[in-house]
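Trainee: Got a structure here, written out as structure tokens. Questions coming.
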Amino acid sequence: MASDIGDRPIEILLVEDNPADFRLAQDTIERSNQRANITHAEDGEIALSILKKEGEHSNAARPDLILLDLRLPKKDGTEVLAEINQDEDLVSIPVMLLTGTEAESSLLESYSIPPSRYARKPLQLEQFHRALGQMGLFSRQPISIPTQQQVQQAASESSSGGRRWWWPFG
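Structural data, given as structure tokens:
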């Protein structure tokens, strides 16, 4: 994927509902000296509309990288990720997850998500550079984590004697 970019600016879809976290990530990207066009989506529904080029986003550029917050209004990050993974036109777009808490990071680790595939907010320059350096690898290895509904369904089907599942994403 990274080799397809050439001399043009990298297209980044930054999916973040918190204005302060968005500005911090934007500043980090600008300090990286990587030429980038950043498209901002404030919630999961807008992100999917941009990715699928629906409605007012019909002319949106295809992102080279998606920075995806897990806690989002309307559709959370896990739901957005699930839809990306189910769409053959989108699944090859590299995704880096953004987490807001240590608990979220620990949960991602428990799902065997490599540390190079997520970053604790605020996004740091080193983390962004790591994502840029591994974009080609990311596009060949999509990540997935269960949605809240999948976790609840597994819990209800479980014969673990009423074991309670903890879900920190929303």
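Numbered as in my numbering, the sequence shown ends at 179 without a single skipped number.
Cβ coordinates follow ideal geometry from the N, Cα and C atoms, glycine included.
#1: Would DSSP call Asn42 helix, strand or coil?
#2: What do you reckon, is the C-beta of Glu88 under 7 angstroms from a heavy atom of the ligand GTP?
#3: Quick one: give me the first and last residue of the alpha helix (DSSP H) that Ala140 is part of.
#4: Could you pull out every unbroken beta strand (DSSP E) segment of at least 3 residues lying fully inside the region 73-108, listed in chain order?
#5: Using DSSP's beta-bridge definition, name the partner residues of Leu22.
#6: What is the rounded straight-line gap between the Cα of Leu90 and the Cα of Glu20?
#7: State the Cα-Cα distance for the pair Ile47 and Asp96, rounded to the nearest angstrom.
#8: Are there 16 or more other CB atoms within 10 angstroms of the CB of Arg126, so buried, or fewer, so exposed?
#9: Taking the CB atoms as reference points, tell me whether Ala69 and Lys62 lie closer together than 8 angstroms.
#10: To the nearest angstrom, how far is the alpha carbon of Thr108 from that of His138?
#11: Buried or exposed: Asp78, going by 16 or more other Cβ atoms within 10 Å of its Cβ?
Mentor: Put simply:
#1: coil
#2: Among the components of this structure there are no ligands whatsoever, and the ligand GTP is therefore not found.
#3: Per DSSP, the unbroken alpha helix (DSSP H) holding Ala140 starts and ends at 134-142.
#4: 74-78, 104-108
#5: Thr48, Ile75
#6: Between Leu90 and Glu20, the alpha-carbon positions lie close to 18 angstroms from each other.
#7: 22 angstroms
#8: buried
#9: yes
#10: 17 angstroms
#11: buried
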